[in-house]
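As structure tokens, the structure follows; a few thoughts come after it.
Chains as they are written, first to last, in our numbering: chain A, 12 to 369; chain B, 56 to 378.
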């Protein structure tokens, strides 16, 4: 599965801005990438606006804006700002976090299928989170700690397995299947031996849901995740570009591939674990978002920001669908992403089959 | 030799557990009946024997299904769990439970069969789209994608109401505990039918394994062999899944082990899988009873923990050509 490498089509602007003191500030802006991100963010905003307006009581865009500006009636403000806004914002931020996480893993593994869902980090976080809910309790710190520990444990296993190039390419997918099977069967056993109410609570979390998200609960995850994204983009962005060119090139250009990879895996696990802790395992956004970002930007350059924008859009749209696709029923958003992601993977397979590249 | 192993495994399965009477006492009780040793007799006849029989039937079904699907797809990684066939059966079962169509295990057979059949077809169709040979990569990814979609829908229904959730959670983990003889009787005809079809197809599949053109020139009905294989896999997996829930990796491991012993000859792999797979499942089930003191682990969890590393070993040892 090759990523469409159309570096030739990438146009960059290299503005040189004179700043006081006789110096010149220069930089490169990839025009297409910036445009794509802008469009994706506009779409995300539109979807979020719709999500804020829809519900048992439907508000017009004007009313939504009024409520956001604090100029609406008490009821409208309660619905839009109090209830719907946290959920909509959480979908956007978590989507961006998953997108960045997926881009990190896909770059590190140099494998378009190397997303945390396929490798088993999501399942590891999910198992440890379930165990934490069933054995300790459902406070955010407990679940977050569990999810983070689970993700890191899987990361260690994966690093051990990949020594000597044992899980390159397609092997990574198979290793993920093996890990997923072990983790998920243990999880279903834990759910089996717990008492029914606790088991249902754990299972609902395990499906991945933003129901009842409020800033008190998911705020921590969003703040930490937002900070992690900014830090990752600023500190690792360029080094990951180098890593994309291959081990040797990266070394030669001073990219320190081993250390970059370590940081990237750490950041990727942290992002997945935070989302999983706050909302449960939400599958396949991390797989699809970097692909979509790359296809739209048609470049092989920095994949993090387009992936974040596509992830935000995907999860916002998925959560809108989860709430309103079937009137009167709200589904866990994780169900929507897993079904949608599976279908997406199928179309990928069909496309690659047509080219006979698999 | 495998028969001896199976015999020992059965004896162990009858003996070991929360209560562990001596093997001699077990055999005496089983032979002499309730009068002499009611305690041991009840334990053995009511709990251990049905459970062991279920494990034998389920193991045999999964082992042969694995051997068939690996030969048919020429894919050493093929397994009902990996290819999403279990997920198909699971979805059909939860639909049946959720809509109140299945008051007992016996009623789960039909939905499980149907789900397994549809999922098998779907995964084969999906991997056969486009051009070029059907590689293990394609097929495995198709299985992952299919299992994701089906699993997502299963989760939705599972969470819809507590009663469905309660029944499904005990089924979904994959276990042979607490099944009785009537459950077994309900699915046994399907297992037997599946085994017979599999045995009759062993020779044609040998030819198919050499390539379709070769098979045709040898006078083998390729289409019939293919349809027969899909049918028998669906019968076997559907029946096994209906009674025990989704149990992964048995179908993956057993044919590999058997091929290590006797080579690739399908006419020998199939009959030996019938013996080897029950050995594996009966033994894992026995171990699962005592692994954690005071609490049984469902056998599906144990097979995942045995099978997962085997799968890792298979790909690391480069037994599988993955490009």
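No residue lacks a Cβ here, since even glycine has one placed at the ideal position from N, Cα and C.
Under a criterion of Cβ atoms nearer than 9 Å, no residue of chain A is adjacent to residue 119(B); the nearest Cβ is some 21 Å distant.
Within the region 227-239 of chain B, the residues whose Cβ lies closer than 8 Å to any Cβ of chain A are, in chain order, 227, 228, 229. Nearest neighbour of residue 362(B) by Cα position, chosen from 345(B), 277(B), 336(B), 351(B), turns out to be 336(B).
Counting only residues of its own chain and dropping the five nearest sequence neighbours on each side, residue 223(B) has a CB closer than 7 Å to the CB of 149, 152, 213.
The alpha-carbon separation between residue 177(B) and residue 135(B) amounts to approximately 13 Å. For residue 139(A), the closest C-alpha among the options 325(A), 214(A), 188(A) is that of 214(A). Residues of the region 216-242 of chain A with a C-beta less than 7 Å from any C-beta of chain B: 218, listed in chain order. Under the three-state reduction of DSSP output, residue 347(B) falls in the strand class. Shown here, residue 141(B) sits in a helix according to DSSP, grouped into three states.
Ranked by Cα distance from residue 89(A), the first of 101(A), 103(A), 70(A) is 70(A). Counting the other CB atoms within 10 Å of its CB gives residue 259(A) a total below 16, which places it among the exposed residues. Close to chain A, meaning a Cβ-Cβ distance shorter than 7 Å, is no residue of the region 258-273 of chain B at all. Short of 7 Å from the beta carbon of residue 127(A), and not among the five residues preceding or following it, lie these beta carbons of its own chain, in chain order: 112, 113, 116, 133, 279, 283, 297. Only those residues of the region 288-320 of chain B whose C-beta falls short of 8 Å from the nearest C-beta of chain A are listed: 303, 304. Residue 136(A) holds the alpha-carbon nearest to the alpha-carbon of residue 164(A) among 152(A), 68(A), 183(A), 136(A). In this structure, the beta-carbon distance from residue 60(B) to residue 334(B) falls below 9 Å. Bounds of the alpha helix (DSSP H) holding residue 296(B) are 277-299. At the C-beta level, residue 141(B) and residue 352(B) stay beyond 9 Å of one another. Residue 319(B) counts as exposed, since fewer than 16 other beta carbons sit within 10 angstroms of its beta carbon. Taking the Cα of residue 268(A) as reference, the smallest distance to any Cα among 120(A), 83(A), 197(A) is reached at 120(A). Residue-level contact by beta carbon fails for residue 170(A) and chain B, as no gap is shorter than 9 Å. Taking a beta-carbon distance threshold of 9 Å, residue 207(B) counts as an interface residue toward chain A. By the criterion of a C-beta distance shorter than 8 Å, residue 239(B) is surrounded in its chain by 105, 108, 109, 112, 298, once the five residues flanking it on both sides are discounted.
Taking C-alpha positions only, residue 337(A) is separated from residue 61(A) by approximately 16 Å. For residue 228(A), the uninterrupted alpha helix (DSSP H) segment begins and ends at 226-255. With contacts defined as CB atoms closer than 9 Å, residue 145(A) and residue 210(A) qualify as a contacting pair.
Two segments are said to touch when three or more pairs of C-beta atoms, one from each, lie closer than 8 Å; by this definition the region 346-356 of chain A touches the region 198-217 of chain B. At a cut-off of 9 Å, the C-beta of residue 181(A) has a neighbouring C-beta in chain B.
In this structure, the beta-carbon distance from residue 253(B) to residue 263(B) does not fall below 9 Å. For residue 131(B), none of the residues of chain A pass the 7 Å Cβ criterion, the least Cβ distance being about 11 Å.
Pairing residue 231(A) with residue 141(A) gives a Cβ-Cβ distance that is not under 9 Å. The contact set of residue 108(A) on chain B, defined by CB atoms closer than 9 Å, is empty, because the minimum CB distance reaches about 21 Å. Distance from the Cα of residue 217(B) is smallest, within the candidate group 172(A), 206(A), 191(A), for 206(A). With respect to the 9 Å criterion, residue 166(A) and residue 339(A) are not classified as neighbours on the basis of their beta carbons.
Cβ contact annotation for residue 320(A) (same chain, cutoff 8 Å, sequence separation greater than five): 47, 48, 51, 52, 55, 107, 110, 304, in chain order.
Going by beta carbons, residue 181(A) and residue 228(A) fall outside the 9 Å limit.
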